[in-house]
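Below is one structure, written out as structure tokens; the observations come after it.
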Amino acid sequence: MSSDQKASSLPAPNNVQPTRGPKYKRKRLLSILLGTIFLVAIVVAVVCLSILLPKKFKHDNNDDGGSHNTGVSTTQGNDTLPMDPDGGTYNEGGPHNGTGTHTTSATPTGDVPHQPSATSDGEDSQRPTAVVNVTDTQPVQGGSQSQDGECHVVSKVSYTFYGYPDNDPPGSDISEDCGRGMAAGGIGTHDNPLTFATAPGEFDRCEVVYSPYLQKYLINEDYCEQCTKDWKSHIWHVDVWLGGNSTTYGTEQLKCENSLTSDEESQVVVKNPSSTLPVDLTSFYLGGNSVCSLDHIYPDYDTKDYC
Numbered sequence: 001m002s003s004d005q006k007a008s009s010l011p012a013p014n015n016v017q018p019t020r021g022p023k024y025k026r027k028r029l030l031s032i033l034l035g036t037i038f039l040v041a042i043v044v045a046v047v048c049l050s051i052l053l054p055k056k057f058k059h060d061n062n063d064d065g066g067s068h069n070t071g072v073s074t075t076q077g078n079d080t081l082p083m084d085p086d087g088g089t090y091n092e093g094g095p096h097n098g099t100g101t102h103t104t105s106a107t108p109t110g111d112v113p114h115q116p117s118a119t120s121d122g123e124d125s126q127r128p129t130a131v132v133n134v135t136d137t138q139p140v141q142g143g144s145q146s147q148d149g150e151c152h153v154v155s156k157v158s159y160t161f162y163g164y165p166d167n168d169p170p171g172s173d174i175s176e177d178c179g180r181g182m183a184a185g186g187i188g189t190h191d192n193p194l195t196f197a198t199a200p201g202e203f204d205r206c207e208v209v210y211s212p213y214l215q216k217y218l219i220n221e222d223y224c225e226q227c228t229k230d231w232k233s234h235i236w237h238v239d240v241w242l243g244g245n246s247t248t249y250g251t252e253q254l255k256c257e258n259s260l261t262s263d264e265e266s267q268v269v270v271k272n273p274s275s276t277l278p279v280d281l282t283s284f285y286l287g288g289n290s291v292c293s294l295d296h297i298y299p300d301y302d303t304k305d306y307c
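Mind the numbering: the sequence shown is residues 1 to 307 in this note's numbering, read in order.
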């Protein structure tokens, strides 16, 4: 046997790999492609979670007691009303009852309109109605004294009253100290004006004005919640202190307050008034079962007499 024949009959060495076909190559490429897609999907999922999870945690923190408002808190406490002698609360439909009209807590902030709107007539025919000559008078901008110090008349003003039993909390506490302490008071003279409450920005803090309707000087030194709501609707509103020193006769005092209240937007306020205007020193309510002084309001006047 020749050497060539012997060589061809020998078995193939073990380290020689058989040639792999195209089918195997396709499977390998598919495996690599699927692995790459899986890795990309993992990366995308991680990126999405890193973006979404912090937002969710922040939202959950807000829902669990975090504040959504970084401004001044205006939340009021429970408006607990005093009891009358018969066991009921002072909630007879007056402008202050059950609404938390007055408070000595933080004053709310926000946009304050600066121009009153048209008149809306009240519905209580028993309330005094003014016959006012407001010819040639213009409402002035709220929240500032006249730059030239001249007398000006603010027309279409609503008047309401409050006192010890329907203050919030009951008592004489006020929100401003205008040089005579943190208690409402005054008798209505230029040197000792009567306290009134109003909306922030409607009049200057501690501004002294004159009321022809009451023939008294008034000083802005308290906050009024209902006045603030009205001011946002372009309605001028002053809430005048009526006094009182207990809640025992709260029902009688509230009746007096409601009787003195004028029709909406039916009166005026004089800004930068002269210090020599007429003053009626009569107190509207002296407490207890005393008579409400309805004969000491002046619904018939001419604004030209005051400016």
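All C-beta atoms in this analysis are idealised placements derived from N, C-alpha and C, irrespective of residue type, glycine included.
- State the Cα-Cα distance for the pair V270 and L52, rounded to the nearest angstrom. 59 angstroms
Mind checking which residues open and close the beta strand (DSSP E) that includes L242? 236-243
Exposed or buried, what is V153 when buried is set at 16 or more other beta-carbons lying within 10 Å of its beta-carbon? buried
| query | What separation, rounded to the nearest whole angstrom, lies between the Cα atoms of I42 and P22? | reply | 31 angstroms
### Query
If we ignore side chains and look at the alpha-carbon of each, how far apart do G179 and T189 end up?
16 angstroms
Range of the contiguous alpha helix (DSSP H) that encloses K229: 225-232
Item to complete: Put H190 into one of helix, strand or coil per three-state DSSP.
Response: coil
Just how far apart, CA to CA, sit Q215 and D263?
17 angstroms
- Query: Between D239 and C227, which are expected to be in contact by the criterion C-beta below 8 angstroms, what is the C-beta distance as a whole number of angstroms?
  - Reply: 6 angstroms
* **Residue interval of the alpha helix (DSSP H) (run including S259)** => 250-260
Can you tell me whether V270 is helix, strand or coil according to DSSP?
strand
Compute the Euclidean distance between the alpha carbons of D300 and G288, then round it to the nearest angstrom.
29 angstroms
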